[in-house]
Each structure stands twice: as C-alpha cells, then as structure tokens.
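If you count the sequence shown from 1, you need to add 1 to reach this note's numbering. Idealized CB from N, CA, C, for every residue including glycine. Just so we're clear, the structure is a prediction, and the values are computed from it rather than from any experiment.
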Amino acid sequence: MNTSLHQIEEAAPDARRWLALVVLLTGTLLPPLDFFIVNVALPVIRADFRASSDVSQLVVSVYAAAYAVTLILGGRLGDLYGRKRVFVGGMLGFGLASALCGMAPTPGFLVAGRLLQGVSAAIMAPQSLASIHAIFPASEKGRALSLYGATFGLASVGGQLLGGVLVSMSPFGLGWRSVFLINLPIIFFAVPAALMLLRESRAERSARIDILGAFLLAAGLLAVVVPAIEGRGRGWPWWCVAMLILTVPLLFSFWRYEKHLEGAGKTPLVLPSLLLARGLQRRLLATFFFYALAAFFLVFAVYEQVGLGHDSLKTGLAVLPLGVGFFLGPLCGPRLARWFGPRSAVLGMALEVAGLAIAASLAAIGLPTWLPGPLFVIGLGQGIALPALVRLTVEHVDARWAGLASGLVNATLQISAAVSVALIGGLFFTLAPDGASETKVQIGFAAASLAIALSLALAAVLSWKRSN
C-alpha cells in the first residue's frame, strides 16, 4: 500500500513546481550576487568611512568565510527541519543582515552585518538545490538544474555590473548602501511567494543537530579559509600559520567523531559512509579544482582598471560577454547531456580551458579588444559544466540526504573560491604589484589565466575518469 502511494506521488508532481522554481532561484541568486556586487563598492565604502584596506578585505572575507563554513550545516538543517521552513528563515535572516549592512554607521557594524549575511546565505542556499531534487520528476530535473546553473552566471556577472550602476547612480542618495538595501524589496516579495508556492520536504528520519560536529567542521574550515583569504595581504603572520597547522587535527577530530556517531546509530552532521560512496570524494575534488574560475573575476577587474585604465562601470560592462555565455550554457545543458551524457561536464571545462588560454595570449601580446570572444567561450563552458557537475555529484546520493549533498557541493565551491582567489590572486599581485607597469599587469593577468586553466584541466581529468 505504501509503495502504491509513493508511486502515485511520483506520477503526480507538484503542479506549482515551475512557479516554485522561480522562488528557489531567487534564493540561489542572492548569495553569489552579494559576493560580487560589493567589489565595485569597496573603494567608496573605504572613502566614506575613511578606513584602511583591512576593512575592504574583511567586508569580503568575513562573508566568504561565514558562507563556506556554514553551508553543510545549512543543508543539514533543511534535511532535518524542513527545507521550506529553513529556506524562509534563511531569507528573512538575509534580509535583516542586508538592512544592517545598508545602515551601518561604522566599519565594525558593516563587518558584523556581513558575517550575519554569510551565515543566513548558507542556511538559505542549500535548500534551493535540495528542493529542486525533491519537487521535480526525473524527466524535468535536467531542465530545472540548467536554470539553476544559469542563475549563477547571472549572479556572478550581474553582481559586478549592478554594483557599478548602483554606486554610479546613487538612488535616493544612498550611494554604496544601495548595493545592500537592493535585497530588501526582493525579499519582501520572495518570502510570501515561498510560503504559498513551496512544498515542504525533509529527510525521512528526524534527529538532533550534531552541535559538536558542526563546531569542529566550522573550526577546521575556518582554519583553511581565513589564512587563504587574509594570509598574503598580511604577510603571513604567525596566527595564519598556526591556523593552517591546526587544520589537520581539527578535521581529523571531526572525521573520527562523525564515524563514532554513525557507528552508534546516531545522525552525524556529515555521514562518513556517504563520503565513501560511489566516488563522491573524486567528484568533490573535481568541483574544488573547477571553481578556480572565481579568481578570474578579481584579476580581470584589476587588469581592466589598472592595465587598461577603465572605470568600475566600464569594467562591469567588459565582463558581460562572459555573463551571456554563462547564462546560455546551462540552457544548452539538457541537449548536450543527451548527446554526451556525464561527459558534458568535461566538454564545458574544455571550452573554459581554451577560452582562458586564448585570453591569456591576447593579453600578453596586447590585443584586449579581442577579449569578448574568449570571454564568451569561458562563460559558455562554465554554464555547461556547472549544472552537469552538480548532477554528477548530487543525483547519485540518496534523496534523504539531498540537502547534505548540496551543502557539500556548495561548501566545496566556496572554499575553492576563497583558496583560488588567495593563491591565484597572490600569483597575479606578485607579478603585478602596486604601481606596476601596464606590461607587468598584462603578464600577471596572462599567468593567472593560465593557472586557472590548469586547475580546470585537472577538474576535467577527474570528471572524465568518473564518466568512464
């Protein structure tokens, strides 16, 4: 009887699922949008507060670190307490944090608001991917995931462009504060829509949150992420080195504790047996190398402004070809998946490697006017590869743990972004320090682009082996 009811539920998917997808994609859009939108506003924020460069670093790094270390816990909360409920709660928290950032009277207040933004984003974001897997039948899941991937393209490029427009126009005289307050009208409409349209879903078993596991994991990830973001800019002080050394015992303690809980029949934050199943480690490693492209946005912005002398708005416009490709790529995904199967992820990464190599060559020989072509190819490849890689990772996980799996994927992406920005950004600024000539900036951009291409090539090899 239970089997029949389950089959009936699968045969009759939620009639409002496509409207619900719009709401879910709003929750997908806001976290990366707020990661990118603030970059253009940082010089104005520093000038307004008369603050040092450390404030600029903290405004970005606190958000990234809080987001990365809370994502797995966020996915777990949705599995246990209901993805709709947690999604709405995360969105309300994100709105509150955005208001605090937009009205911040001091730099410290702004950094605290960014911390709350990162935590709220990490609670909200995993519910989108997990809910897509819960409410869409297999025949429509590929199309829904393609739109999910396109949303990241829109957020990454649209964030920088929107930030430039808002700072330049200063609506209502708000200046840089508008880049945070723009979230409020979006959330004002999204929360009631979520309450009306989203169907509740959760894991079949309910259990208490693994508080100690969450603490150990957060501490271990922070010990990696914070030095990766802050170390180079601060000259690698002793506390950065100490945090890196502590990473191994913290993560080892976390793993041992999670194995103990699972062996005792309890529900740990991360299931060790899940990580050991069906090549998930290899797919997460591919995801880590894949998202080195996050560093490209940083080095491209500096190359445009310092190497080519463009302002922030023109820099935002210059990256649009990448955004167009990133938006179109996922829309091609379902057809490519039918033709190439799981190897469509490898195809997308190959396009990115080619685009990055061409962009590096054009910059090195001083032909920046030809960059829109390879930028489009890079975005197209990213848009094809991202949803395909997500499918490879999440679809082979039991539906009960969809939230946990999506949290693992998103956490891997964010940790990759933080580490790649630190390492590849460090390479770029070593070759093109402050006051460097245009030629050195071009060489730095070319070298960074090739380093990103190498990382993507490693991700493609890992994904190819998985697809065979």
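Status (buried if at least 16 other CB within 10 Å, exposed otherwise) for residue i
| i | result |
| --- | --- |
| residue 139 | exposed |
| residue 232 | buried |
| residue 48 | exposed |
| residue 181 | buried |
| residue 261 | exposed |
| residue 366 | exposed |
| residue 85 | buried |
| residue 364 | buried |
| residue 456 | buried |
| residue 240 | exposed |
| residue 284 | buried |
| residue 242 | exposed |
| residue 454 | buried |
| residue 172 | exposed |
| residue 16 | exposed |
| residue 190 | exposed |
| residue 135 | buried |
| residue 374 | exposed |
| residue 471 | The chain is shown from 2 up to 469; residue 471 falls before or after that span and cannot be answered. |
| residue 392 | buried |
| residue 108 | buried |
| residue 39 | buried |
| residue 246 | exposed |
| residue 76 | buried |
Residue i - containing alpha helix (DSSP H), residue span
| i | result |
| --- | --- |
| residue 434 | Premise fails: residue 434 is in no alpha helix (DSSP H) and is neither H nor E. |
| residue 1 | Within the shown structure, residues of the chain are numbered from 2 to 469, placing residue 1 beyond reach of any answer. |
| residue 353 | 345-365 |
| residue 49 | 18-50 |
| residue 303 | 295-303 |
| residue 287 | 281-291 |
| residue 103 | 84-103 |
| residue 171 | From DSSP, residue 171 is part of no alpha helix (DSSP H); its letter is neither H nor E. |
| residue 317 | 313-319 |
| residue 307 | No alpha helix (DSSP H) holds residue 307; DSSP gives it neither H nor E. |
| residue 182 | 179-182 |
Cutoff 7 Å; reference residue i; Cβ partners in own chain excluding five residues on either side
| i | result |
| --- | --- |
| residue 194 | 24 |
| residue 121 | 91, 94, 95 and 98 |
| residue 286 | 463 |
| residue 276 | 282 |
| residue 388 | 146, 147, 149, 150, 331 and 334 |
| residue 12 | Low confidence applies here, because residue 12 scores a pLDDT of 48, under 50, leaving its location unreliable; read the following figure in that light. Cβ neighbours of residue 12 beyond the five flanking positions: none. |
| residue 411 | 72, 126 and 127 |
| residue 452 | 425 and 428 |
| residue 158 | 320, 321, 323, 324 and 327 |
| residue 45 | 168, 176 and 177 |
| residue 118 | 35, 64, 95, 98, 99 and 102 |
| residue 18 | 136 and 137 |
| residue 1 | A question about residue 1 goes unanswered here, because the residues of the chain that appear run from 2 up to 469. |
| residue 4 | Confidence is the limiting factor: at residue 4 the pLDDT is only 42, short of 50, which leaves the residue's position unreliable and the question unanswerable from this model. |
Close Cβ partners of residue i (< 6 Å) along its chain, the five nearest in sequence each way excluded
| i | result |
| --- | --- |
| residue 218 | 255 |
| residue 186 | none |
| residue 259 | 214, 269, 271 and 273 |
| residue 441 | 433 |
| residue 71 | 120 and 123 |
| residue 151 | 328 and 331 |
| residue 78 | 87 |
| residue 65 | 419 |
| residue 290 | 456, 459 and 460 |
| residue 63 | 112, 115 and 116 |
| residue 6 | Residue placement at residue 6 is poorly supported in this model, since its pLDDT is 37, which falls under 50; the coordinates still yield a value, given next. Taken in chain order, the list of residues that qualify is empty. |
| residue 359 | 375 |
| residue 179 | 167 and 172 |
| residue 378 | 352 and 356 |
| residue 225 | 248 |
| residue 465 | 347 |
8 Å Cβ shell around residue i - same chain, five flanking residues per side excluded
| i | result |
| --- | --- |
| residue 458 | 350 and 354 |
| residue 311 | 305 and 319 |
| 4-residue-minimum alpha helix (DSSP H) runs that sit fully inside the segment 197-273, ordered along the chain | 212-231 and 239-264
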